[in-house]
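Asker: Can you read through this structure? Questions will come right after.
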Amino acid sequence: MQRPVLLLTLLFLPLLAQSQRPELVVPTQQVEAIYALAASSDGAYFLTTYLNNVVRLWDAQGRLLRQYNSPPNAAENYWGIDLFFLPGEQAFALVTSRQVLFWKLNGELERTIDNPSADFSSAAVSADGRWLFTGNRDGALLKWDIEAGSWQEQLRFNTAVTAVSCSPAASHILIGTEGGEAILYDFVSGAQLLDLSADFFSVQAAAFSADGLYLAIGGAFQDFGDSDLEYPYGMASVYNTQGQAVSSFKDGMEINDVAIAPDGSYYSATIQMGASATPGALVQASTNAVYEIGDILASTFSPDGQAVFTAVKDADLLESWNMKGEKQTSRSPHRISGTHVCASPDGRYLAFYSQDFSHGFSWTDYENTPFSHLFQLWDLWDNRAMACVGQRGIDSLYFAPDGASVFTKLAGEKAEYQQWGLDGKLLQTAINTPPPGIASRELPEKNGKGPFLLSGGSDGIRIQDAGMAEIARIITFDSINWAVTTPSGLFDASQGAMGLLHYTVGLQAVEIEQLKERYYEPGLLPKLLGWATEPLRDVRGFQEVRLYPKMKAWITSDVLYAELEARSGGIGKVSFCINGKEVLADANPGRKNKLQIPLSRYEKYYHPGIGNQLSLRAYNAEGWLKSAPLTFAYRPGGVRQRGSETESAPAFSFVNAKDAELYFICVGTSNYAGDKLNLKYPDKDATDMAQALQDAGQALFGAGRVHGQLFTSAAENSAFLSSKANIQQAIQELARQAQTRDVAVLYFSGHGVTYGSDENAQFYYLSKDIASDNLSDPEIRRNYAISTNELTQWLNDAVALKQVLIIDACNSGKVVESLLSGEKALNSSQARAFDRMQDRTGTFVLSGSAADKVSYEA
140 MQRPVLLLTL
150 LFLPLLAQSQ
160 RPELVVPTQQ
170 VEAIYALAAS
180 SDGAYFLTTY
190 LNNVVRLWDA
200 QGRLLRQYNS
210 PPNAAENYWG
220 IDLFFLPGEQ
230 AFALVTSRQV
240 LFWKLNGELE
250 RTIDNPSADF
260 SSAAVSADGR
270 WLFTGNRDGA
280 LLKWDIEAGS
290 WQEQLRFNTA
300 VTAVSCSPAA
310 SHILIGTEGG
320 EAILYDFVSG
330 AQLLDLSADF
340 FSVQAAAFSA
350 DGLYLAIGGA
360 FQDFGDSDLE
370 YPYGMASVYN
380 TQGQAVSSFK
390 DGMEINDVAI
400 APDGSYYSAT
410 IQMGASATPG
420 ALVQASTNAV
430 YEIGDILAST
440 FSPDGQAVFT
450 AVKDADLLES
460 WNMKGEKQTS
470 RSPHRISGTH
480 VCASPDGRYL
490 AFYSQDFSHG
500 FSWTDYENTP
510 FSHLFQLWDL
520 WDNRAMACVG
530 QRGIDSLYFA
540 PDGASVFTKL
550 AGEKAEYQQW
560 GLDGKLLQTA
570 INTPPPGIAS
580 RELPEKNGKG
590 PFLLSGGSDG
600 IRIQDAGMAE
610 IARIITFDSI
620 NWAVTTPSGL
630 FDASQGAMGL
640 LHYTVGLQAV
650 EIEQLKERYY
660 EPGLLPKLLG
670 WATEPLRDVR
680 GFQEVRLYPK
690 MKAWITSDVL
700 YAELEARSGG
710 IGKVSFCING
720 KEVLADANPG
730 RKNKLQIPLS
740 RYEKYYHPGI
750 GNQLSLRAYN
760 AEGWLKSAPL
770 TFAYRPGGVR
780 QRGSETESAP
790 AFSFVNAKDA
800 ELYFICVGTS
810 NYAGDKLNLK
820 YPDKDATDMA
830 QALQDAGQAL
840 FGAGRVHGQL
850 FTSAAENSAF
860 LSSKANIQQA
870 IQELARQAQT
880 RDVAVLYFSG
890 HGVTYGSDEN
900 AQFYYLSKDI
910 ASDNLSDPEI
920 RRNYAISTNE
930 LTQWLNDAVA
940 LKQVLIIDAC
950 NSGKVVESLL
960 SGEKALNSSQ
970 ARAFDRMQDR
980 TGTFVLSGSA
990 ADKVSYEA
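Numbering (this note's numbering) for the sequence shown: 140 to 997.
Spelled out as structure tokens, the structure:
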């Protein structure tokens, strides 16, 4: 039985509905009580249940895969008391005090079993999946035929049956009661095999090891011979199937839950909250060594027995620990989104506020710790968020009549108001006299779009059309990180928020990076609301996701081996990266299910004398969806085996670390062939940037360690004109000279054009010899325009691990119309093109302005 412990956990919001379409999952924070935890036998999945009988399925990385909501006719007001996977692990059971609900992992509720008499207090399923055993509060142990739904009373005890566990290897069932009875029973023959009742005052938990050879019992023991002991103390014990005690752990408080490693070598105990100094304990059975593993609710072991996973009552949903009691991983919650929202009179700004529970994670903290309040402003034109943080609650907020400032009414007995500028600065505080203002919940029509309605809640700021259909949702995580989502699947997010999002396809978690090609839409909100005129992509045709293959890989004798298992998307290319840089775009050109990569071929990319990170990504056959990186630590020439007593010690070689050097190339193009594309300042901008890099480089790297080249359309020497051939030669020369420790900087100023279909569109920098922004002629592209694919290839040949690409290029989708204003903006297609390039090269890409905002020649 699991005792309720309140836990601050993650509520995830699936934003798409159909099961096999990708569903975008955005985390927000909710205070809830976890009542039970279960893990699959392979450690790939976890189940958690809460006060409202909601069950959530997570992967081993703590990402939500699916949520299961109890049906309306389910018993109400009775929380889940147990939760476990069924044999075969394609389904699970949720045990409440009045019902047992059987769910398939795909979301189908198969059946329910209602308690015919007293409340359920524990339950377990036989190894063959045919029988369900339930313990009742009235002391009855019932045996259910799951398929038929019929039952019969198996045993009866004097007190509540608080623990039931079925052996995975035999027809044995371990039973514990509130009165301290602990019995091993054969439910086929009806024979009692062991009686361990003498060891316990009460039993709260029971478990078998995966091989069925060991059993663990947790509860309390009363030593009546100890006159100083006023209350029973907690005890967890491990026994073999002959009833011999292998190990025992004792604590001042009762043991609520136990778990045992697959081979019985370790066990973990959850200790009742109170005065206990060790609320969670990991115990080595052979030595009785105890390791503290946090203030936990429940625990379970990994299939290999090398890790224990815990549900905690603090900030993290799940934590993992090694067998030395060292925390390996954890996952923390994020804030609740805005509760009050309004729009400025012209519709350009949104103002909303949210409560920040970042410093109060348990239920006690939630009730007793003051939380801060995040007041935020969103500029729809600039597509950016601004924020101010206060320590007091906000009852309401509204804009000044001129839209130039925002007033917030503070919570409290006094009618206290604060006035904020649109730059996020506090202007003044006023008491008692309400300033005039407008608290509009409507965004006016803009460029034929709208009007729209606003509403705030714990799941974000919702934007709806006049028919109340949701158009978009804004979720904020802190003062700088945010996400915008739509029902169609399009999304936009800050860089920091990207790492918090993921997709699910069925029961497979898919990293946000893997579906960005389809759904990432920079500047999404201004486009939806009419502040930007660039059209939105149509993603209605994206219904199914054809998954990349499963992959496993290992390194033996300086060779990286990989095996692939095709799934719905078949087998495509496999990319190979070293220290974040793609060095082999396709390591599997034959589309085989096995491949190997000799690592010695890529010696120039390795850090000399220190560790390196290698990674593989598998693609589907169509080439647009890739797996998460499978990573390995690798050190060339490292010691690979332990020497024997008769062998001499290995010889070590030492590599002198070279001081880092700076390599830069600056390109500016003001004058093009013909007179339609000419600009005023790119030549000067490139010259100024080259001088700045030279001066700063000399100060940072030292004399003789700065190597720069400048190419402009005004150069007198033809070798330094900004032609494609000159630029390519310079980058390739940089790639030959720069070493892994060096820094490479590329700067481009001039015109840029996006060309190609939307998902595969590339950004092209136009060299001096081009006369038009029309790139339909492949010969023009080949000779006079530099694509992001070409830059990727050239930069991947450079081993320098610190690379920066600065693009100060005019957005030339309508280049001729924008010549007078000198607009330098990247549209969404260009932003996506550079995003793909950044992922493949490990290069930092900087643009002259935001993806959807214009900067100007000056």
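Using N, Cα and C, we set each Cβ at its ideal position, and we do this for glycine too.
#1: With DSSP as the reference, identify every bridge partner of asparagine 751, one or two as the case may be.
#2: Applying the criterion that 16 or more other CB atoms from any shown protein chain within 10 Å of the CB defines a buried residue, is glycine 891 buried or exposed?
#3: Can you tell me which of the three DSSP states leucine 280 falls into?
#4: Put tyrosine 353 into one of helix, strand or coil per three-state DSSP.
#5: Sort out for me which residues DSSP pairs isoleucine 925 with in a bridge.
#6: To the nearest angstrom, how far is the alpha carbon of phenylalanine 715 from that of leucine 753?
#7: What do you get for arginine 679, buried or exposed, if any count of 16 or more other CB atoms within 10 angstroms of its CB means buried?
#8: Tyrosine 802: which of Ala825, Gly847 and Leu818 sits nearest, CA to CA?
#9: With distance defined between alpha-carbon atoms, name the residue in Tyr658, Leu699 and Pro674 nearest to valine 684.
#10: In this structure, how does DSSP classify serine 792 when only helix, strand and coil are distinguished?
#11: Would you decide whether serine 739 is buried or exposed? Buried here means 16 or more other CB atoms lie within 10 Å of its CB.
#12: Starting from the Cα of tyrosine 537, find the closest Cα among Met525, Leu489, Lys463 and Pro583 and give me that residue.
#13: Could you compute how far the alpha carbon of tryptophan 270 sits from the alpha carbon of glycine 391?
#14: Which ranges would you report for the alpha helix (DSSP H) in the region 685-757 if only whole runs of at least 4 residues count?
#15: Could you give the distance in angstroms between the alpha-carbon of alanine 760 and the alpha-carbon of glycine 319?
#16: With respect to the beta strand (DSSP E) encompassing threonine 439, which residues constitute its N-terminal and C-terminal limits?
#17: Between the Cα of leucine 934 and the Cα atoms of Ala877, Lys907 and Ile909, which residue gives the shortest distance?
#18: DSSP on glutamate 317, reduced to helix/strand/coil?
#19: Using only alpha-carbon positions, find the residue among Pro917, Pro442 and Ser926 that is nearest to phenylalanine 887.
#20: Whole angstroms are fine: how far does the CA of tyrosine 324 sit from the CA of alanine 330?
#21: So, do the region 636-648 and the region 538-547 have three or more beta carbon pairs nearer to each other than 8 angstroms?
#22: Excluding the 5 residues preceding and the 5 following asparagine 817 in the sequence, name in chain order all residues of the same chain whose CB lies nearer than 7 angstroms to its CB.
#23: Whole-angstrom Cβ separation of isoleucine 432 and valine 447, contact assumed at under 8 angstroms?
#24: Enumerate in chain order the residues of its own chain whose CB-to-CB distance from glutamine 735 is below 6 angstroms, with the five nearest sequence positions on each side excluded.
#25: List the residues that DSSP assigns as beta-bridge partners of methionine 525.
#26: Please return the same chain residues whose Cβ sits closer than 6 angstroms to the Cβ of glutamine 157, not counting the five positions on each side in sequence.
#27: What is the residue span of the beta strand (DSSP E) that lysine 548 lies within?
#28: Apply the 10 Å Cβ neighbour rule to aspartate 822 and answer buried if 16 or more other Cβ atoms are within range, or exposed otherwise.
#29: Give the single residue among Tyr189, Gln206, Ser707 and Ala183 whose Cα lies nearest to the Cα of valine 164.
#30: Starting from threonine 380, follow the alpha helix (DSSP H) in both directions and report where the run begins and ends.
#31: Pull up the distance between the alpha-carbon of lysine 666 and that of arginine 676, whole angstroms please.
#32: So, for valine 1025: in the same chain, excluding its five sequence neighbours on each side, which residues have a beta-carbon less than 7 angstroms away from its beta-carbon?
#33: Would you check if the distance between the CB atom of glutamate 673 and the CB atom of lysine 689 is smaller than 9 angstroms?
#34: For tyrosine 811, which of helix, strand or coil comes out of DSSP?
#35: Pull up the DSSP beta-bridge partners for serine 386, would you.
#36: Assign arginine 921 to buried or exposed, taking buried as 16 or more other Cβ atoms, counted over all protein chains shown, within 10 Å of its Cβ.
Answerer: Taking the definition as stated:
#1: Locating residue 751 in the sequence shown gives position 612, counting from the first residue. The bridge partners DSSP lists for asparagine 751 are Tyr773.
#2: Reading the sequence shown from its first residue, position 752 is the one you call residue 891. Its Cβ being crowded by 16 or more others within 10 Å, glycine 891 is buried.
#3: Looking up residue 280 in the sequence shown gives position 141. Of the three classes helix, strand and coil, the one that applies to leucine 280 here is strand, per DSSP.
#4: Translated into positions along the sequence shown, residue 353 becomes position 214. Residue state, collapsed to three classes: strand.
#5: Reading the sequence shown from its first residue, position 786 is the one you call residue 925. In the DSSP output, where bridge partners are listed per residue, isoleucine 925 has Tyr904.
#6: Taking the first residue of the sequence shown as 1, we reach residue 715 at position 576. Taking the first residue of the sequence shown as 1, we reach residue 753 at position 614. As the crow flies, the alpha-carbon of phenylalanine 715 is around 7 angstroms from that of leucine 753.
#7: Sequence index remark: in the sequence shown, residue 679 carries index 540 (1-based). Within 10 angstroms of the beta-carbon of arginine 679 lie fewer than 16 other beta-carbons, which makes it exposed.
#8: Here residue 802 is taken as the residue at index 663 of the sequence shown, counted from 1. If we check each option's Cα against that of tyrosine 802, Gly847 comes out closest.
#9: Here residue 684 refers to the residue found at position 545 of the sequence shown. Residue Tyr658 is the option with its Cα nearest to valine 684.
#10: For this step, residue 792 is matched to residue 653 along the sequence shown. The predicted model places serine 792 with a pLDDT of 46, which falls under 50 and marks its position as unreliable; any figure quoted below should be read in that light. The answer is coil: DSSP assigns serine 792 none of H, G, I, E or B.
#11: The residue you call residue 739 lines up with position 600 of the sequence shown. Exposed, by the Cβ-count rule.
#12: Counting from one through the sequence shown, the residue named residue 537 turns up at place 398. For the residues Met525, Leu489, Lys463 and Pro583, the minimum Cα distance to tyrosine 537 belongs to Leu489.
#13: Taking the first residue of the sequence shown as 1, we reach residue 270 at position 131. Taking the first residue of the sequence shown as 1, we reach residue 391 at position 252. CA-to-CA, the gap between tryptophan 270 and glycine 391 works out to about 37 angstroms.
#14: Complete alpha helix (DSSP H) runs here, min 4: none at all.
#15: One-based indexing of the sequence shown puts residue 760 at position 621. One-based indexing of the sequence shown puts residue 319 at position 180. Approximately 60 angstroms, taken between the alpha carbons.
#16: Looking up residue 439 in the sequence shown gives position 300. Element bounds for threonine 439: 435-440.
#17: For the purposes of this step, residue 934 is identified with residue 795 of the sequence shown, where counting begins at 1. For leucine 934, the closest of Ala877, Lys907 and Ile909 by C-alpha to C-alpha distance is Ala877.
#18: For the purposes of this step, residue 317 is identified with residue 178 of the sequence shown, where counting begins at 1. When secondary structure is reduced to three states using DSSP, glutamate 317 falls in the coil class, being assigned neither helix nor strand.
#19: Reading the sequence shown from its first residue, position 748 is the one you call residue 887. It is Ser926 whose Cα lies nearest to the Cα of phenylalanine 887.
#20: Stepping through the sequence shown from its first residue, residue 330 is reached at position 191. Stepping through the sequence shown from its first residue, residue 324 is reached at position 185. Straight across, the Cα-Cα distance linking alanine 330 with tyrosine 324 is about 6 angstroms.
#21: Judged by pairs of C-beta atoms under 8 angstroms, the region 636-648 does not touch the region 538-547, as fewer than three such pairs exist.
#22: If you number the sequence shown from 1, residue 817 lands on position 678. Correct list, in chain order: Ser809, Asn810 and Tyr811.
#23: Here the question's residue 432 lines up with position 293 in the sequence shown. Here the question's residue 447 lines up with position 308 in the sequence shown. Going by Cβ atoms, the distance from isoleucine 432 to valine 447 rounds to 7 angstroms, so yes, they are a contact pair.
#24: Residue 735 sits at position 596 when you count from the first residue of the sequence shown. Cβ contact annotation for glutamine 735 (same chain, cutoff 6 angstroms, sequence separation greater than five): Val698 and Tyr700, in chain order.
#25: Counting from one through the sequence shown, the residue named residue 525 turns up at place 386. According to DSSP, methionine 525 bridges with Leu516.
#26: If you number the sequence shown from 1, residue 157 lands on position 18. Note on glutamine 157: pLDDT 35, under 50, position unreliable in the model; the coordinate value appears next. There are no such residues.
#27: Along the sequence shown, read from residue 1 onward, the residue named residue 548 stands at position 409. The continuous beta strand (DSSP E) containing lysine 548 extends over residues 544-549.
#28: Against the sequence shown, residue 822 aligns to sequence position 683. Taking every protein chain shown into account, the CB of aspartate 822 has 16 or more other CB atoms within 10 angstroms, so this residue is buried.
#29: The residue you call residue 164 lines up with position 25 of the sequence shown. Distance check between valine 164 and each of Tyr189, Gln206, Ser707 and Ala183 places Gln206 closest, using alpha-carbon atoms only.
#30: The residue labelled residue 380 in the question sits at position 241 within the sequence shown. Counting along the chain, threonine 380 falls outside any alpha helix (DSSP H), and DSSP gives it neither H nor E.
#31: Within the sequence shown, residue 666 is the residue found at index 527, counting from 1. Within the sequence shown, residue 676 is the residue found at index 537, counting from 1. So the two alpha carbons sit approximately 10 angstroms from each other.
#32: Any question about residue 1025 goes unanswered here, given that the chain covers just 140 to 997.
#33: One-based indexing of the sequence shown puts residue 673 at position 534. One-based indexing of the sequence shown puts residue 689 at position 550. No.
#34: If you number the sequence shown from 1, residue 811 lands on position 672. Taken through DSSP and simplified to helix, strand or coil, tyrosine 811 comes out as coil.
#35: Position 247 of the sequence shown, counted from the first residue, corresponds to residue 386. Beta-bridge analysis with DSSP links serine 386 to Val377.
#36: Residue 921 sits at position 782 when you count from the first residue of the sequence shown. Flag for arginine 921 reads exposed.
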